[in-house]
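Working notes for the structure below.
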Amino acid sequence: MPELPEVEVTRRSFAEQIAGARISSVFLGKPLRWPLGVDPQELVGRQVLQVRRRGKYLLVDLDRGMLMLHLGMSGSLRFAAELPLPGVHDHFQLTTDKGLLRLHDPRRFGAVLAVSGDDDPLAVKLLARLGPEPLEDDFDFEPFARGLKASRLAIKPLLLSGKVVVGVGNIYASEVLFLAGIRPTTVAGRIGRERALRLHAAIRQILARAVETGGSTLKDFSAADGNAGHFQLEANVYAREGLPCKVCSAPVRQLRQGQRSTFFCAHCQRP
DNA sequence: ACGTCTACCTGTCGGC
DNA sequence: TGCCGACAGGTAGACG
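Under my numbering, the residues of the first sequence are numbered 626 to 896, in order.
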């Protein structure tokens with residue numbers, strides 16, 4: 626369900642409340658993408674220190690070890706003092722002295738992993754491939770431009786790959802390319818400096834605004850405190866096939882790239 | 001090393 | 001109304 630903004634909004638919605646919480650029990654539902662990796666009893670008694678994010682992973686630092694959470698395609702977190710009994714799609718829950726942290730994930734592409742820390746081989750394996758964080762100060766243009774130049778992929782699947790930047794998912798990829806005026810099928814390596822600059826700026830702008838507003842293009846997104854997105858960020862092109870472009874009124878077009886749908890305006894976005 | 005494809009799983013929607 | 005296929009926010013891992 627979530628792209629970087631939704632994951633970050635989720636993180637911010639419970640990170641402070643859960644900090645310092647002591648885990649008293651662990652509930653596991655159906656299997657997720659991978660096994661937890663430890664006996665859940667081992668987590669009991671540990672304390673939550675802080676919640677970080679890397680790409681679309683949430684990293685819950687414990688006084689000993691770390692939990693890696695991923696929301697996959699349909700996952701969402703809730704953190705509350707009390708919650709109804711777990712339903713069929715609730716697959717992980719921590720009970721703490723500060724509240725319940727619950728993962729709801731109908732499709733179960735999400736994950737909860739218990740690792741020893743950032744240096745854990747599994748954590749390293751999963752996080753090593755991730756490109757730079759778009760909202761950090763070190764998301765520099767020059768390495769980004771070199772990443773584009775080095776690729777023969779179409780720009781849209783390159784954005785999704787996480788190699789030149791993390792966190793841009795299928796919705797925001799279309800939106801970012803619309804804002805930058807770049808056709809999704811354009812070969813990344815053939816994008817010139819000026820357009821690469823616009824793309825770099827568009828990524829920061831769209832993702833940052835999505836986080837700030839706590840809004841989302843997602844229909845069913847809500848943060849861990851239960852607050853729904855405000856729909857501040859209405860899509861310009863995503864899921865608008867056949868509807869008029871909001872800028873030029875030409876019909877929005879759809880195509881498939883790597884089994885994922887892409888939306889664009891052929892007039893506003895040049896090859 | 002790179003690009004492409006499959007697989008994981010459930011719910012929803014459109015067409016017949 | 002019911003059935004069936006297509007599709008949905010992600011990404012690791014296998015393959016060529």
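No residue lacks a Cβ here, since even glycine has one placed at the ideal position from N, Cα and C. Keep in mind that this is a model prediction, so the values were computed, not measured.
- For T635, the enclosing alpha helix (DSSP H) has its first and last residue at L629 to I643.
- Closest in C-alpha terms to L880, from the list K871, V872, S874 and G867, comes G867.
- Within the segment 672-696, no complete alpha helix (DSSP H) segment of 4 residues or longer occurs.
- CA-CA distance, E767 to Y797, rounds to 22 Å.
- The Cβ atoms of G806 and R895 sit closer than 8 Å to each other.
- With the rule of 3 Cβ pairs closer than 8 Å, the segment 749-757 does not count as touching the segment 720-730.
- One thing to note: L694 has its Cβ within 8 Å of the Cβ of L728.
- Sixteen is the threshold: since fewer than 16 other Cβ atoms of the shown chains lie within 10 Å of the Cβ of G742, the residue is exposed.
- Sequence-distant partners of H714 (beyond 5 residues in either direction) whose C-beta falls short of 6 Å from its own C-beta, in its chain, are H729 and P731.
- Across the set V634, L692 and N852, the C-alpha of L692 shows the shortest separation from the C-alpha of D744.
- Restricting attention to N852, L653 and R733, the CA atom closest to the CA of A739 is found in L653.
- V651 sits close to L668, with the two beta carbons spaced by under 8 Å.
- Taking L785 as the centre and dropping the five residues before and after it, the same chain places the C-beta of V793, G794, N795, A798, G883 and R885 closer than 8 Å to its C-beta, in chain order.
- In the structure shown, V749 adopts helical secondary structure according to DSSP, grouped into three states.
- Positions of the beta strand (DSSP E) runs, each at least 3 residues long and wholly inside the segment 736-792, are given as 736-740 in order along the chain.
- Residue state for G814 is assigned as helix, using DSSP reduced to three classes.
- Shown here for V632: same chain residues with a beta carbon closer than 7 Å to its own, the five before and five after excluded, namely R678, K681, L683 and L696 in chain order.
- Counting the other CB atoms within 10 Å of its CB gives V872 a total below 16, which places it among the exposed residues.
- Partner residues in the beta bridge of S650, as assigned by DSSP, are T720.
- Cα atoms of T887 and C870: separation of roughly 14 Å, rounded to the nearest angstrom.
- DSSP lists S701 and D715 as the bridge partner or partners of H729.
- In the structure shown, R885 falls within a strand segment according to DSSP collapsed to helix, strand and coil.
- In the three-state scheme derived from DSSP, where H, G and I count as helix and E and B as strand, S847 is classed as strand.
- The three-state reading of DSSP puts A853 in strand, counting E and B together.
- Between I780 and I816, the C-beta gap is smaller than 8 Å, which places the two residues in contact.
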